[in-house]
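Asks: Residue numbers (the working numbering): 79 to 372. Note that CB positions come from ideal geometry on N, CA and C, so glycine has one too. Please read these numbers as outputs of a predicted model, since none were measured by experiment. Sharing a structure with you now.
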Ligand code: C5P
């Protein structure tokens with residue numbers, strides 16, 4: 079076992095596009111989503127402890143469900159079970175910045191970072207692919223978050239294809255402070271008569287303009303149903319679209335967080351400042367959405 083503490087960043091996930099088909103026999107919906115990760119997120123650190131324990135801190139800690147439902151502990155137990163080592167112990171600290179039930183993969187990103195951190199701490203010889211497989215039982219977005227790089231996510235979320243060429247993008251993430259349950263949004267989507275899942279693979283080349291054109295041609299199929307459930311989402315999109323230099327605004331995941339894309343970091347920062355000034359009650363962050371490293 080490793081002697082020193084281990085830390086892992088849990089970046090917020092953004093679904094640039096999200097196509098959703100009709101639910102299968104297991105109740106889950108097939109998805110096709112282009113997923114990228116922000117330079118804003120939570121932090122997981124792991125050190126020596128008795129058994130498995132979780133301590134929460136940071137601005138988002140109060141909003142979290144505590145043990146034993148927390149996805150971080152679920153992931154830790156799943157990892158121990160997968161390697162058949164119930165003796166492994168660790169004390170885990172989650173520093174929470176990203177809001178939960180926000181469409182930013184908060185809980186999934188934490189679970190994924192916990193898997194990466196614990197695998198290092200316990201010196202388990204597991205690939206990212208193996209960790210993603212273990213994470214898929216914890217939540218549909220966990221495999222994508224284990225990889226934490228630009229990727230196309232299909233199946234129920236467990237099929238991952240990293241992009242080989244994708245540019246970094248500058249964005250503003252805005253959350254109106256209302257939690258939205260993923261399950262409720264999928265149910266509302268079912269009631270509208272789900273769309274046929276037809277998608278074009280992301281472009282192979284990687285300029286910002288090509289990426290923006292491709293994203294604009296896509297959609298988030300859950301957005302109309304989520305807006306219907308939670309009107310604050312429509313308000314958030316309207317406010318983002320009104321920002322100077324906003325190229326496109328869309329909801330991420332099942333909401334309520336939305337993102338706006340800008341030409342560069344300066345424009346995104348100016349947009350975030352303007353929105354924070356008018357909506358001090360919202361969570362507003364300028365972020366860089368990392369590109370694929372060739
Ligand atoms: O897998 P996870 O626990 O994150 O999913 C939360 C809920 O979202 C599921 O219970 C299901 O109702 C819905 N879901 C779905 N299809 C997916 C992913 C999630 O219907 N591909």
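Would you tell me roughly how many angstroms separate the C-alpha atoms of residue 222 and residue 194, rounded to the nearest one?
Replies: 13 Å
Asks: If you drop the 5 nearest sequence neighbours on each side, which residues of the same chain put their C-beta closer than 6 Å to that of residue 256?
Replies: 308, 310, 334
Asks: Using the C-alpha atoms, what's the distance from residue 87 back to residue 363?
Replies: 17 Å
Asks: Check for me: the beta strand (DSSP E) holding residue 85 runs from which residue to which?
Replies: 84 to 98
Asks: Residues in its own chain within less than 7 Å of residue 330 by CB, not counting five upstream and five downstream?
Replies: 92, 93, 181, 182, 336, 337
Asks: How many Å lie between residue 339 and residue 215 at the Cα?
Replies: 32 Å
Asks: Does the segment 339 to 351 come into contact with the segment 315 to 331, if we say contact requires no fewer than three beta-carbon pairs (one atom in each stretch) closer than 8 Å?
Replies: Of all C-beta pairs linking the segment 339 to 351 to the segment 315 to 331, three or more are shorter than 8 Å, placing the two stretches in contact.
Asks: With DSSP collapsed to three states, give me the class of residue 277.
Replies: coil
Asks: Do residue 124 and the ligand C5P come close, with the Cβ less than 6 Å from some heavy atom?
Replies: no
Asks: Looking only at its own chain, which residues have a Cβ that is under 7 Å from the Cβ of residue 31, when we skip the five neighbours before and after it?
Replies: The structure shown does not extend to residue 31, since the chain spans only 79 to 372, so no value can be given for it.
Asks: Apply the 10 Å Cβ neighbour rule to residue 228 and answer buried if 16 or more other Cβ atoms are within range, or exposed otherwise.
Replies: buried
Asks: Is there contact here, the segment 170 to 178 with the segment 205 to 219, by at least three beta-carbon pairs under 8 Å?
Replies: no
Asks: Compute the beta-carbon to beta-carbon distance between residue 169 and residue 127, rounded to the nearest angstrom, for a pair I have assumed lies under 8 Å.
Replies: Indeed they touch by this definition, with Cβ atoms about 3 Å apart.
Asks: Can you tell me the Cβ-Cβ gap for residue 116 and residue 365, rounded? I've got them flagged as a contact below 8 Å.
Replies: Between residue 365 and residue 116 the Cβ distance is about 4 Å, and since that is below 8 Å, they are a contact.
Asks: Fully enclosed by the segment 170 to 201, which alpha helix (DSSP H) runs are 4 residues long or longer?
Replies: When DSSP assignments are scanned along the segment 170 to 201, the uninterrupted stretches of alpha helix (DSSP H) that are 4 or more residues long and fall wholly within it turn out to be 184 to 199.
Asks: Can you tell which of 251, 296, 239 has its C-alpha closest to the C-alpha of residue 360?
Replies: Minimum Cα-Cα distance from residue 360 among the listed residues 251, 296, 239 corresponds to 251.
Asks: Applying the criterion that 16 or more other CB atoms from any shown protein chain within 10 Å of the CB defines a buried residue, is residue 150 buried or exposed?
Replies: buried
Asks: At a cut-off of 6 Å, is residue 106 close to the ligand C5P when judged by its beta-carbon and the heavy atoms of the ligand?
Replies: For residue 106, the CB falls within less than 6 Å of some heavy atom of the ligand C5P.
Asks: Mind listing, in chain order, the continuous alpha helix (DSSP H) runs of no fewer than 4 residues lying wholly within the segment 303 to 359?
Replies: 310 to 319, 343 to 356
Asks: In terms of residue numbering, what span does the beta strand (DSSP E) encompassing residue 248 cover?
Replies: 247 to 253
Asks: Terminal residues of the continuous beta strand (DSSP E) containing residue 119?
Replies: Under the DSSP assignment, residue 119 falls in the beta strand (DSSP E) whose first and last residues are 109 to 125.
Asks: What would DSSP say about residue 168, mapped onto helix, strand or coil?
Replies: Looking at residue 168 - three-state DSSP - the assignment turns out to be strand.
Asks: When the Cα of residue 123 is compared with those of 133, 240, 292, which residue comes out closest?
Replies: 133
Asks: Report buried or exposed for residue 276, applying the criterion of at least 16 other Cβ atoms within 10 angstroms of its Cβ.
Replies: exposed
Asks: Determine which residues share a DSSP beta bridge with residue 135 and list them.
Replies: 173
Asks: Is the closest heavy atom of the ligand C5P to the C-beta of residue 206 under 6 Å?
Replies: Not so, every heavy atom of the ligand C5P lies at least 6 Å from the Cβ.
Asks: Keeping to the same chain, check which residues put their C-beta closer than 7 Å to that of residue 388; ignore five residues upstream and five downstream.
Replies: Here the chain has residues from 79 to 372 only, and residue 388 is not among them.
Asks: I need the boundaries of the alpha helix (DSSP H) containing residue 387, first residue and last residue.
Replies: Residue coverage of the chain in this structure runs from 79 to 372, which leaves residue 387 outside it and unanswerable.
Asks: Taking the C-alpha atoms as reference points, what is the distance between residue 104 and residue 152?
Replies: Each residue's CA atom was taken as its position, placing residue 104 and residue 152 some 21 Å apart.
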